[in-house]
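Peer 1: The numbering of the sequence shown is UniProt numbering, which starts it at 1 and goes up by one. No residue lacks a Cβ here, since even glycine has one placed at the ideal position from N, Cα and C. Just passing along the structure, written as structure tokens.
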Amino acid sequence: MWLFDFFRAHPDLQTPVELPTAAHHDLCYRQLRALVHEAGVRPLTLMATDPAEYFAVMEAAGGADISLDVKLGVQYSLWGGSVINLGTKKHRDKYFDGIDNLDYPGCFAMTELHHGSNVQALQTTATFDPVTDEFIINTPNDGAIKWWIGNAALHGKFATVFARLILPLQGKGGEAANMGIHAFIVPIRDLETHAVLPGIEINDCGHKIGLNGVDNGALRFRSVAGDLLKQYQEKFKGGTLSVTWNYLRDSMSTYLSQPNPVTARWEGEDHLWDPNFQLDAFRYRTSRLLHSVAARL
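Below, the structure is given as structure tokens:
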């Protein structure tokens with residue numbers, strides 16, 4: 001592949017067998033920038049228009065340095081993918097080119113120290129402020145620190161933060177309503193100076209037994225504003241959140257597409273207690289389950 005020829009022609013971008021962590025961070029970022037600015041790769045455009053070519057580039061990048069493969073995936077599959085798939089046209093128009101050309105390096109801040117990637121247990125909060133019409137992101141305790149976040153320690157300027165959306169006065173008896181986990185774009189460093197922004201605390205997760213080209217970091221938020229990625233929500237009106245029909249349709253199709261074929265295959269195989277009798281002889285299966293399976297095809 002042409003990518004291998006590119007790195008052969010640039011010995012300064014080849015990864016030595018042993019390299020200090022800080023130097024590996026720097027080299028990996030230079031490798032990624034060289035792919036974008038010298039080789040002319042536009043990974044986010046490829047991901048959106050030619051996924052097969054995008055993943056071929058990712059695989060080849062791993063041949064040069066597996067850290068580069070991961071770094072590329074964090075920037076484009078995770079950070080870029082969250083903007084494309086969770087954001088609206090407004091978000092895509094604002095961020096797409098900057099992500100594609102690496103002007104906007106970013107993170108995918110889901111994992112928390114005490115909860116890993118158990119999304120339902122995440123504790124980071126995003127509280128809607130009806131006065132300022134903003135979502136205020138907070139880390140309520142040490143266990144809710146966003147942990148092991150690629151691109152965070154050094155290079156990221158933005159983060160897609162997964163947080164629990166809290167709507168004041170919308171719950172029972174006028175209490176705050178917990179609307180579940182949503183995604184928000186949060187700036188974490190100044191675009192010009194690269195200084196960490198007020199209300200953001202960033203720490204490096206340190207040396208790892210592998211993938212030291214990736215700058216994994218920890219993020220803590222103290223009352224910073226976030227921009228809701230709301231492809232599947234209608235506009236807030238008076239602090240009330242409503243979901244779109246597209247969300248209900250797409251999410252139900254996704255959920256049903258997984259268990260229904262499994263159930264159908266299992267029922268086709270199961271014979272209960274009589275080896276000559278199959279469950280798919282039941283009229284229930286024909287009238288209910290197969291209709292549901294067919295609707296997902």
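1. Would you kindly check if the distance between the Cβ of Gly156 and the Cβ of Arg189 is under 9 Å?
2. What do you get for Arg222, buried or exposed, if any count of 16 or more other CB atoms within 10 angstroms of its CB means buried?
3. Could you check the C-alpha separation between Met58 and Ala144 for me, to the nearest Å?
4. Please determine if the segment 100-112 and the segment 137-151 are in contact, where contact requires at least 3 C-beta pairs separated by less than 8 Å.
5. So is Trp2 buried or exposed if we call it buried at 16+ other beta carbons inside 10 Å?
6. Buried or exposed: Lys235, going by 16 or more other Cβ atoms within 10 Å of its Cβ?
7. Please report the straight-line C-alpha distance between Ile202 and Asn216, rounded to a whole angstrom.
8. Short of 6 Å in beta carbon distance, which residues of its chain neighbour Glu53, apart from the five on each side in sequence? Order them along the chain.
9. Considering only the alpha carbon of each residue, which of Asn101, Pro51, Leu44, Ala121 lies closest to residue 303?
10. What residues in its chain sit with their C-beta under 6 Å from that of Leu113, if we drop five residues either side in the sequence?
11. Am I right that Tyr160 and Ile185 are in contact with their C-beta atoms under 8 Å? What's the rounded C-beta distance?
12. Does chain B have any CB closer than 9 Å to the CB of Asn216?
13. Tell me the start and end of each unbroken beta strand (DSSP E) in the segment 107-194 that is at least 3 residues and wholly inside, in chain order.
14. Give the DSSP-derived three-state secondary structure of Asn85 in the structure shown.
15. Can you tell me which of the three DSSP states Gly80 falls into?
16. Taking all protein chains shown into account, do 16 or more other C-beta atoms lie within 10 angstroms of the C-beta of Leu169, making it buried, or fewer, making it exposed?
17. May I ask whether a heavy atom of the ligand GTP can be found less than 8 Å away from the beta carbon of Lys208?
18. Checking the sheet assignment: what are the DSSP bridge partners for Leu219?
19. Report yes if the CB atom of Arg164 is closer than 9 Å to the CB atom of Ile136, and no otherwise.
20. Could you check what DSSP says for Leu228 in three-state terms: helix, strand or coil?
21. Considering only the alpha carbon of each residue, which of Ala225, Gly206, Ala176 lies closest to Pro187?
22. Thinking just about the alpha-carbon of each residue, which of Glu175, Glu18, His10 is nearest to the one in Arg33?
23. From which residue to which residue does the alpha helix (DSSP H) around Gly62 run?
24. Would you say Asn151 and Lys71 are within 9 Å of each other, going by their C-beta atoms?
25. Span of the alpha helix (DSSP H) holding Arg8?
Peer 2: Reading off the structure:
1. For the purposes of this step, residue 189 is identified with residue 189 of the sequence shown, where counting begins at 1. For the purposes of this step, residue 156 is identified with residue 156 of the sequence shown, where counting begins at 1. Taking 9 Å as the Cβ cut-off, Arg189 and Gly156 qualify as a contacting pair.
2. By one-based count along the sequence shown, residue 222 stands at place 222. Classification of Arg222: exposed, given that the 10 Å Cβ count is below 16.
3. Here residue 58 refers to the residue found at position 58 when the sequence shown is read from its first residue. Here residue 144 refers to the residue found at position 144 when the sequence shown is read from its first residue. Rounded to whole angstroms, Met58 to Ala144 spans 31 Å at the Cα level.
4. Result yes; three or more Cβ-Cβ pairs closer than 8 Å.
5. Mapped onto the sequence shown, residue 2 falls at position 2. The residue is exposed, with fewer than 16 neighbouring Cβ atoms inside 10 Å.
6. The count along the sequence shown starts at 1 and reaches residue 235 at position 235. Below a pLDDT of 50, predicted positions are generally treated as unreliable, and Lys235, at 49, falls in that range; no measurement from the model is reported.
7. Position 202 of the sequence shown holds residue 202. Position 216 of the sequence shown holds residue 216. Cα-Cα distance, rounded: 10 Å.
8. As a position in the sequence shown, residue 53 is number 53, starting the count at 1. Shown here for Glu53: same chain residues with a beta carbon closer than 6 Å to its own, the five before and five after excluded, namely Leu46 in chain order.
9. With the chain represented from 1 up to 297, any question about residue 303 goes unanswered, as that position is not in the structure.
10. In the sequence shown, counting from the first residue as 1, residue 113 sits at position 113. The answer, listed in chain order, is Gly143, Ile145, Trp147.
11. Counting from one through the sequence shown, the residue named residue 160 turns up at place 160. Counting from one through the sequence shown, the residue named residue 185 turns up at place 185. Checking the sequence shown, residue 160 turns out to be Thr, not Tyr. With a Cβ gap of about 6 Å, Thr160 and Ile185 count as contacting.
12. Annotation note: the requested chain B is absent from the structure, which comprises a single protein chain.
13. 125-129, 134-138, 146-149, 158-167, 177-187
14. Walking along the sequence shown from the start, residue 85 turns up at place 85. Of the three classes helix, strand and coil, the one that applies to Asn85 here is helix, per DSSP.
15. Taking the first residue of the sequence shown as position 1, residue 80 is located at position 80. It is helical.
16. As a position in the sequence shown, residue 169 is number 169, starting the count at 1. Leu169 is exposed by the Cβ-count criterion.
17. Judged by which ligands are present, the structure shown has none, so any question about the ligand GTP falls away.
18. Counting from one through the sequence shown, the residue named residue 219 turns up at place 219. Answer by DSSP bridge pairing, in chain order: Lys146, Ile202.
19. As a position in the sequence shown, residue 164 is number 164, starting the count at 1. As a position in the sequence shown, residue 136 is number 136, starting the count at 1. No, the Cβ-Cβ distance between Arg164 and Ile136 is not below 9 Å.
20. Position 228 of the sequence shown, counted from the first residue, corresponds to residue 228. Residue state, collapsed to three classes: strand.
21. Residue numbering aside, residue 187 sits at position 187 when the sequence shown is read from its first letter. For Pro187, the nearest C-alpha among the options comes from Ala225.
22. Numbered from its first residue, the sequence shown carries residue 33 at position 33. Selected option, being the one with the closest Cα: His10.
23. Walking along the sequence shown from the start, residue 62 turns up at place 62. Segment 51-64, the alpha helix (DSSP H) holding Gly62.
24. Numbered from its first residue, the sequence shown carries residue 151 at position 151. Numbered from its first residue, the sequence shown carries residue 71 at position 71. Yes. Within cutoff.
25. Your numbering for residue 8 matches position 8 in the sequence shown. Run containing Arg8: 2-8, per the alpha helix (DSSP H) assignment.
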